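To start, the structure itself, in structure tokens.
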Amino acid sequence: MINLKNIIFGIAILVLTMFVGIYGISTLYGEVPKYNDYCPENLYNQSVCENQGGMWVDNTQVVLDGRGDVKAVPIQGGYCQYDSTPCQKNLEDAEKKHYKKVFLTALPVGIGIILLGALVLGLESVSAGLMLGGVGMIIYGTGSYWRFTDDWLKFLLSLIGLVILIWTAYWFNKKEKGFWRRLFVKKK
């Protein structure tokens, strides 16, 4: 029988585990590097953009001409194609450093939370909530650093994580019955 209270407890534990993990890591490593800390705000000015090594792109609006053909008409303003500016490279380097620290913290913390959840076998809602929170932490940590990671490292980390979790699930499920029975059942 499905117990709605346990489902709600599990979801609440999942959410709060994620909040504790994410805000804990944010407190430890500070905020994510911001664009304005590395690039001048006035890159929205064509001359400043081009002086900084960027490429100015005029805004255009798509309109229909008298014959019903689509044409692009320039409108006032534009934006800086900042991918080629030195400040963008500095911002990406700072983001890479920051997200690497987040990744190297969130991954083992997430695995630890999953293992903790597997050990709390007496309360299924707590166990499931913690384990899902651990999965969320792994997703948070790897998701932030994933774009900076080479494919071979993505494969290797995914494979190692998969093997560890399959082994852990097998070990806990196999040991669970005998371990907990020996721990709580008195011999006659």
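Take the sequence shown: its letters are residues -19 to 168, numbered as in the working numbering.
Beta carbons are placed, not taken as given, at the ideal position from N, Cα and C, and that holds for glycine.
These figures come from a predicted structure and were not determined experimentally.
Which ranges would you report for the beta strand (DSSP E) in the segment 92 to 135 if only whole runs of at least 3 residues count?
none
Look up N25 in the DSSP assignment and say whether it is helix, strand or coil.
Three-state result, N25: coil.
Is the segment 109 to 120 close to the segment 83 to 91, with three or more CB pairs under 8 Å?
Result yes; three or more Cβ-Cβ pairs closer than 8 Å.
Return the chain-ordered list of same chain residues with a C-beta closer than 8 Å to the C-beta of W126, the five sequence neighbours on each side being excluded.
K134
Can you check DSSP and say which residues form a bridge with V37?
V37 is bridged to Y59.
Do Q61 and V37 have their C-beta atoms closer together than 7 Å?
The answer is yes: Cβ separation under 7 Å.
Which residue's Cα is closest to the Cα of K14: T129, S105, K69?
K69
Nonlocal neighbours in the same chain, by C-beta distance under 6 Å from F128, ignoring five residues either side
K76
Answer yes or no: do K81 and Y9 have a C-beta to C-beta separation smaller than 7 Å?
yes
Could you check if A(-8) is buried or exposed, using at least 16 other CB atoms within 10 Å of its CB as the buried criterion?
exposed
Tell me which residue opens and which closes the alpha helix (DSSP H) that I(-9) is part of.
Per DSSP, the continuous alpha helix (DSSP H) segment holding I(-9) begins and ends at -16 to 9.
Just mark G1 as buried or exposed, buried being the case when its beta carbon has 16 or more other beta carbons within 10 Å.
Taking a 10 Å sphere around the C-beta of G1, we find 16 or more other C-beta atoms and assign the residue as buried.
Out of G57, H78, N(-14), N39, which one is the CA nearest neighbour of T7?
H78
Three-state secondary structure assigned by DSSP to V12
coil
Which same chain residues end up closer than 6 Å to G210 when comparing Cβ atoms and leaving out the 5 residues on each side of it in sequence?
Coverage of the chain is limited to positions -19 through 168, which leaves residue 210 absent and any answer about it impossible.
Measuring only the C-alpha atoms, how far is M(-2) from M35?
40 Å
If I'm right that L145 touches I94 with Cβ under 8 Å, what's the distance once you round it to whole angstroms?
7 Å
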